Amino acid sequence: MKALLAEPHQKFETVRLETHKAHGEFANYRTDDELSESSQISQLLEELGTSGMMIICPVIIKIHEGIRTDTFIEANSLPETAETEPGFVAIPKNYQHILAFAFAVNEIRKSNLLPNTTLGSKISDNYFNTRYIYQNTLELLYRGNPIHRNYFCARKQKVNKLMATISGLRSENSIHLANILTIFKIPQVSYGPFGLMLNDKTQYPYFFSMVPNDVHQYVGIVHLLKHFGWNWIGLIRTDDEEGEIFLQNLMPKLLQSNICIAFKELLPKFRNYLMDDSVQEILGRIAFNLLNKTNTILLHGDRQSMEPLRILLLCYEIDYRLPIERVWIITSQWDVTSVYKANEFAAKSLNGTMSFALHTRVESGFQDFIDSIHPYKSEIFLIELFWCEVFHCSLPFFYLYYPNAGNCTGEEKLRSLPETVFEMRMSGQSYGIYNAVYAVAHALHAMYSSRTWKKAMVKGGHLSVQPWQVTHPFGHNSPISSILACNNTNATMHLFLRNVRFNNTAGEEIFFDKNGDLAGGFDIMNLVTFPNQTFQRVRVGWMDPWSPTGKEFYVNESAIVWNQKFQQSIPKATCVPNCHSGYSRIVQEGKPICCYDCAQCPQGSISNQTADAEKCEKCPEAQYSNRKQDECIPKLISYLSFEDLMGAGLASVAILVFIITVVVMGIFLAHRNTPIVKANNFSITCILLSSLMLGLLSSFLFIGQPGTVTCLLRQTLFGIIFSLSVSCVLAKTITVVLAFMATKPDSRMRKWVGKRLALSVIMFCSLIQTGICVVWLATSSPFPEFDMHSEVSVIILQCNEGSAVMFYVVWGYMGLLAIISFTVAFLARKLPDSFNEAKLITFSMLIFCSVWVSFVPTYLSTKGKYMVAVEIFSILASSAGSLACIFFPKCYIILVRPDANFMEKWLSFFKYITLNNIQPSKCHTKKF
3 MKALLAEPHQ
13 KFETVRLETH
23 KAHGEFANYR
33 TDDELSESSQ
43 ISQLLEELGT
53 SGMMIICPVI
63 IKIHEGIRTD
73 TFIEANSLPE
83 TAETEPGFVA
93 IPKNYQHILA
103 FAFAVNEIRK
113 SNLLPNTTLG
123 SKISDNYFNT
133 RYIYQNTLEL
143 LYRGNPIHRN
153 YFCARKQKVN
163 KLMATISGLR
173 SENSIHLANI
183 LTIFKIPQVS
193 YGPFGLMLND
203 KTQYPYFFSM
213 VPNDVHQYVG
223 IVHLLKHFGW
233 NWIGLIRTDD
243 EEGEIFLQNL
253 MPKLLQSNIC
263 IAFKELLPKF
273 RNYLMDDSVQ
283 EILGRIAFNL
293 LNKTNTILLH
303 GDRQSMEPLR
313 ILLLCYEIDY
323 RLPIERVWII
333 TSQWDVTSVY
343 KANEFAAKSL
353 NGTMSFALHT
363 RVESGFQDFI
373 DSIHPYKSEI
383 FLIELFWCEV
393 FHCSLPFFYL
403 YYPNAGNCTG
413 EEKLRSLPET
423 VFEMRMSGQS
433 YGIYNAVYAV
443 AHALHAMYSS
453 RTWKKAMVKG
463 GHLSVQPWQV
473 THPFGHNSPI
483 SSILACNNTN
493 ATMHLFLRNV
503 RFNNTAGEEI
513 FFDKNGDLAG
523 GFDIMNLVTF
533 PNQTFQRVRV
543 GWMDPWSPTG
553 KEFYVNESAI
563 VWNQKFQQSI
573 PKATCVPNCH
583 SGYSRIVQEG
593 KPICCYDCAQ
603 CPQGSISNQT
613 ADAEKCEKCP
623 EAQYSNRKQD
633 ECIPKLISYL
643 SFEDLMGAGL
653 ASVAILVFII
663 TVVVMGIFLA
673 HRNTPIVKAN
683 NFSITCILLS
693 SLMLGLLSSF
703 LFIGQPGTVT
713 CLLRQTLFGI
723 IFSLSVSCVL
733 AKTITVVLAF
743 MATKPDSRMR
753 KWVGKRLALS
763 VIMFCSLIQT
773 GICVVWLATS
783 SPFPEFDMHS
793 EVSVIILQCN
803 EGSAVMFYVV
813 WGYMGLLAII
823 SFTVAFLARK
833 LPDSFNEAKL
843 ITFSMLIFCS
853 VWVSFVPTYL
863 STKGKYMVAV
873 EIFSILASSA
883 GSLACIFFPK
893 CYIILVRPDA
903 NFMEKWLSFF
913 KYITLNNIQP
923 SKCHTKKF
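Using the numbering used here, read the sequence shown as starting at 3 and increasing by one per residue.
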């Protein structure tokens with residue numbers, strides 16, 4: 003446990019506390035860089051085993067019953083080069099760890115959790131030095147007795163026995179400690195971050211952590227970056243194994259989320275404040291990147307490793323008056339407010355910092371316990387040293403003198419100290435220590451309450467655990483053989499610790515997951531600083547994998563106070579400006595994935611994200627994208643309706659032409675006994691006019707919402723009716739041609755002239771078209787359908803013709819009849835002018851063919867209601883053309899020139915035709 007973090011200090015004022023010291027005897031040890039881990043252990047075993055020396059700095063607190071159990075807490079204080087420095091500077095804020103431990107022990111003593119048991123512990127400082135870790139651990143195990151390697155049974159059962167340890171803050175310390183404790187099967191509970199090596203439960207089966215697995219912290223970092231759209235960040239980490247493991251585990255998650263690293267920097271290992279040129283060069287490069295590359299910086303490391311960065315920020319803020327104001331995202335390993343003096347806190351630079359912190363809850367009574375501490379009455383570890391340091395006063399009773407200061411009264415209150423010096427609120431590490439002590443106590447309670455333990459105590463106080471009873475705590479079936487036979491109690495202890503589950507005094511449930519880690523999450527804290535060097539921590543979110551699905555990560559944006567540089571707006575941290583809605587990202591070749599181009603979504607696709615859509619999403623078939631490509635709009639159903647202006651106009655024209663046709667038929671009916679009507683074969687004329695009227699009425703089948711019936715009748719009725727019309731015209735043309743051919747003497751054509759031939763032609767041609775339509779309806783009939791794709795903004799409700807082949811056969815046959823009629827009429831156009839109907843038929847067929855020939859490309863090039871409108875227009879145009887060319891001249895004679903309708907030549911020709919008595923026709927040679 004980091005109780006007093008001491009560091010060499012030469013650049014700033016050095017505070018010396020005069021007290022007796024006893025660690026100078028070990029000055030002959032070589033440094034960590036010169037001595038391997040195994041050789042350090044061997045050297046310590048040799049020297050401690052022969053001399054039996056004890057280090058003075060630890061304080062021992064014990065558990066008393068029939069068996070005495072010790073809980074070992076480790077305290078980090080000193081950098082590795084501390085013994086070469088002229089003095090030490092304490093970090094008083096970390097002393098809260100010891101107070102939290104003492105508070106937990108005090109509560110347990112007052113409770114009934116361990117009845118008839120006195121709870122105590124030993125607190126030791128390792129000075130951030132691997133040598134001291136091994137030294138203190140072995141000293142703890144052997145109690146100052148001679149140390150014999152690979153042998154541990156010198157202690158009798160009634161002698162105090164070490165049952166568990168609580169360790170931290172650095173993972174390196176936990177690993178070194180675990181290397182020894184695993185041999186002796188002593189459970190180890192860590193309250194600080196631990197390396198991934200300790201996840202190997204085959205190698206470290208007795209290791210437990212009061213800290214959630216760091217993997218959850220990595221996931222939380224990625225969630226936080228994605229939440230605010232920060233995909234271009236800087237990364238500063240320690241130049242050690244922990245930093246490398248952090249990078250290896252975080253980078254895949256960043257890449258999966260398209261988050262890029264603007265720069266990566268390694269902080270040099272900090273040994274003293276006299277920095278050489280290489281260190282200054284590294285810090286200069288880091289400062290340049292911080293000022294120029296991005297607004298969001300991710301930091302990973304503990305307080306000691308991050309000291310160069312703290313000095314850099316402080317130097318720019320105090321000396322250069324240029325605070326490096328950024329969004330700092332800090333992992334739980336570093337408490338940025340932990341400084342040795344209040345004026346060494348870079349308040350402006352660190353304002354708005356986002357940090358992941360170990361989850362904590364307010365413990366009732368902790369602050370009252372702190373307020374009750376009195377340096378003359380308390381026996382808490384190093385309380386007198388801490389009191390002198392934070393209140394700048396002397397304690398002569400303990401031979402502690404603070405330079406140029408008066409004596410401490412003992413009535414000083416810790417709550418009066420600045421928060422940069424000491425916080426009354428329990429920190430995450432302190433909360434972990436508090437829970438660790440309770441976890442060990444609950445495990446002891448469970449072990450003492452077990453039947454096996456009570457049975458062993460009844461038999462003489464010796465607990466004998468068989469090897470098969472000591473199974474691997476994390477699922478392996480093979481038993482763990484006891485390296486040292488008398489350590490079975492420790493092996494049993496760790497089984498109870500593994501299954502411990504309790505509610506602490508704050509009401510939070512504490513238990514370990516299957517990997518021996520605390521089942522919990524991390525708090526997301528926002529650091530708000532003030533000009534007077536004070537600060538406030540605000541919990542603005544959390545990352546808790548044990549929360550219900552979808553609620554594992556949460557951030558309250560409204561509660562966040564950003565750095566003053568950003569004027570309370572969410573900072574930007576992107577390589578390029580964000581792609582707005584309606585655009586998607588396109589990766590640029592040769593550049594990081596975060597440095598992308600923005601491309602507008604194609605037609606029918608949208609991106610409605612506020613920024614940086616990975617791809618455009620296609621709208622459903624029944625919807626289309628708006629102009630900005632950020633919203634899908636429902637398509638309207640489109641068809642040619644009577645409410646439509648175009649539909650109403652075509653319907654009006656159809657009605658008008660129909661009325662004109664009815665009027666023409668009425669004129670012919672009224673003058674059916676006149677020569678001109680009789681000469682034009684009145685019956686065929688009536689059939690032709692009737693077919694024209696039916697053709698005009700068939701156009702109404704194309705207007706309105708298509709249905710099953712209308713789709714069946716549209717093309718088939720139109721094809722039959724217009725074939726009937728063209729057949730009538732063909733019959734009239736053939737009749738005219740045969741009539742003039744029959745005027746020749748001895749002509750065989752006389753027997754073909756008459757109504758029978760004309761009606762036969764009409765029926766034969768019409769029946770062929772009818773048969774084609776019947777086959778069409780029987781094999782593949784038309785049906786209504788929705789066309790989703792022809793037009794972007796509408797759904798076309800149309801008739802699917804069913805079979806395109808049959809559709810074109812119907813149209814082809816009708817075209818064939820029209821061409822034959824036009825050809826025959828064209829050949830008969832030079833008949834005598836007194837009966838010039840062939841010329842009129844030629845003009846009508848010319849119009850008819852012209853309309854329908856132009857109809858084909860127009861029809862095929864249009865879609866939806868416009869395609870239907872083209873067909874209706876062609877029906878109306880061809881009908882009106884036939885009506886005008888064939889019948890308007892006759893109506894003109896009937897109505898305007900009635901005198902021409904009673905001439906003798908019309909009468910003689912009428913008789914000639916109707917009586918089938920053909921006479922020489924020299925009378926026809928005169929023009930009309």
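All residues carry an ideal CB built from backbone N, CA and C; glycine is no exception. Note that the structure is a prediction, hence the values are computed from the model and not measured.
Checklist line | Enclosing beta strand (DSSP E) for I332 [first to last residue] | finding: Under the DSSP assignment, I332 falls in the beta strand (DSSP E) whose first and last residues are V329 to I332.
Checklist line | Cβ pair T296, L269 closer than 7 Å | finding: Contact flag unset, no.
Next item on the list: Report, in whole angstroms, the separation of the C-beta atoms of S846 and G883, which I expect to be a contact under 8 Å.
Entry: 6 Å between Cβ atoms; contact.
Checklist line | Simplified DSSP state of R157, which is helix, strand or coil | finding: At R157 the pLDDT is 43, less than 50, meaning the model places this residue with poor confidence and gives no usable figure here.
Check: Along the chain, where does the beta strand (DSSP E) that runs through T355 open and close?
Finding: Looking at the DSSP string, the run of the beta strand (DSSP E) that includes T355 is T355 to L360.
Notebook entry, point to check: Residues bridged to F524 by DSSP?
Noted result: According to DSSP, which records beta bridges pairwise, F524 is partnered with L360 and M545.
Notebook entry, point to check: Tell me, which residues are paired with I238 by DSSP?
Noted result: Under DSSP, I238 takes part in a beta bridge, and its partners are E267 and L301.
Next item on the list: Round the Cβ separation of A830 and A820 to the nearest angstrom and send it over; I've been treating them as touching at under 8 Å.
Entry: Separation of the CB atoms of A830 and A820 is rounded to 16 Å, and the pair is thereby denied contact status at 8 Å.
Item checked: Reduced DSSP secondary structure (H/G/I, E/B, other) of F644 -> DSSP places F644 outside both helix and strand once states are collapsed to three, so it counts as coil.
Note to self: Rounded to whole angstroms, what is the Cα-Cα separation between A289 and L314?
What the structure shows: If you take the alpha carbons of A289 and L314, they lie about 8 Å apart.
Check: Which same chain residues, not among the five before or five after A438, have their C-beta less than 7 Å away from its C-beta?
Finding: Excluding sequence neighbours, A438 sits near I168, V191, Y193 and M212.
Notebook entry, point to check: Between L143, N118 and I299, which lies nearest to T184 when the distance is taken from Cα to Cα?
Noted result: Nearest to T184 by C-alpha distance, out of L143, N118 and I299, is L143.
Notebook entry, point to check: Where does A407 fall in DSSP's three states?
Noted result: Coil at A407, not helix or strand.
Check: Roughly how many angstroms lie between the CA atoms of D127 and V563, to the nearest whole one?
Finding: Roughly 38 Å separates the two Cα atoms.
Checklist line | M426 versus Q369: straight-line alpha-carbon distance, rounded | finding: For M426 and Q369, the distance between alpha carbons rounds to 6 Å.
Notebook entry, point to check: Are the segment 795-812 and the segment 647-660 touching by the rule of at least three beta carbon pairs closer than 8 Å?
Noted result: No, the segment 795-812 is not in contact with the segment 647-660.
Next item on the list: May I ask whether a heavy atom of the ligand MG can be found less than 6 Å away from the beta carbon of P398?
Entry: Because no ligand of any kind appears in the structure shown, any question about the ligand MG cannot be addressed here.
Note to self: Do G430 and L360 count as a contact pair if the criterion is CB distance below 7 Å?
What the structure shows: A contact, by the Cβ cut-off of 7 Å.
Next item on the list: Taking E511 as part of the beta strand (DSSP E), name the residues at either end of that continuous run.
Entry: Where E511 is concerned, the enclosing beta strand (DSSP E) starts and stops at E511 to F513.
Check: From R899 to Y815, what does the alpha carbon distance come to, in whole angstroms?
Finding: Roughly 39 Å separates the two Cα atoms.
Notebook entry, point to check: Nearest to A561 by alpha carbon, out of E554, K553, K567 and S571?
Noted result: In terms of CA proximity to A561, S571 leads the group E554, K553, K567 and S571.
Next item on the list: For E319, I'd like the list of residues in its chain whose CB is within less than 6 Å of its CB, leaving aside the five on either flank, ordered along the chain.
Entry: The residues are P325, A348, K350 and S351.
Item checked: Of the listed residues S113, I188, K95 and L116, nearest to T139 (C-alpha basis) -> Looking at the Cα atoms, I188 is the closest of the given residues.
Notebook entry, point to check: In this structure, what does DSSP give as the bridge partners for P786?
Noted result: Paired residues: C801.
Note to self: Here's a check: name, in chain order, each residue in its chain whose Cβ is nearer than 7 Å to the Cβ of I686, leaving out the five neighbours to either side.
What the structure shows: Excluding its 5 nearest sequence neighbours in each direction, I686 has C-beta neighbours in its own chain below 7 Å: C730, A733, K734 and A760, listed in chain order.
Notebook entry, point to check: Given 8 Å as the limit, is there contact between the segment 413-427 and the segment 392-402, that is, 3 or more CB pairs closer than that?
Noted result: In this structure the segment 413-427 touches the segment 392-402; the number of beta carbon pairs closer than 8 Å is three or more.
Next item on the list: Please confirm if the segment 698-716 is in contact with the segment 788-801, defined as three or more CB-CB distances below 8 Å between the two stretches.
Entry: With the cut-off at 8 Å, the segment 698-716 and the segment 788-801 touch.
Note to self: Whole angstroms are fine: how far does the CA of C851 sit from the CA of A879?
What the structure shows: Each residue's alpha carbon lies about 11 Å from the other.
Notebook entry, point to check: For G518 versus D546, is the C-beta distance shorter than 7 Å?
Noted result: Contact: no.
Checklist line | Anticipated Cβ contact below 8 Å, P573 with V224, distance rounded | finding: Under the criterion of beta carbons closer than 8 Å, P573 and V224 do not qualify as touching, at roughly 18 Å.
Notebook entry, point to check: Going by DSSP, which residues form a beta bridge with A348?
Noted result: Under DSSP, A348 shares a beta bridge with no residue.
Next item on the list: Assign C767 to one of three DSSP states: helix, strand, or coil.
Entry: DSSP places C767 in helix when its eight states are reduced to three.
Note to self: Within 10 Å of its beta-carbon, does L638 have 16 or more other beta-carbons around it, so buried, or fewer, so exposed?
What the structure shows: So L638 counts as exposed.
Next item on the list: Identify every residue that forms a DSSP beta bridge with A601.
Entry: Note: A601 sits in a beta bridge opposite S586.
Check: For the candidate residues N628, F644, V578 and P594, whose alpha-carbon lies nearest to that of A613?
Finding: Cα-wise, what sits closest to A613 is V578.
Notebook entry, point to check: DSSP on L116, reduced to helix/strand/coil?
Noted result: Coil, per DSSP.
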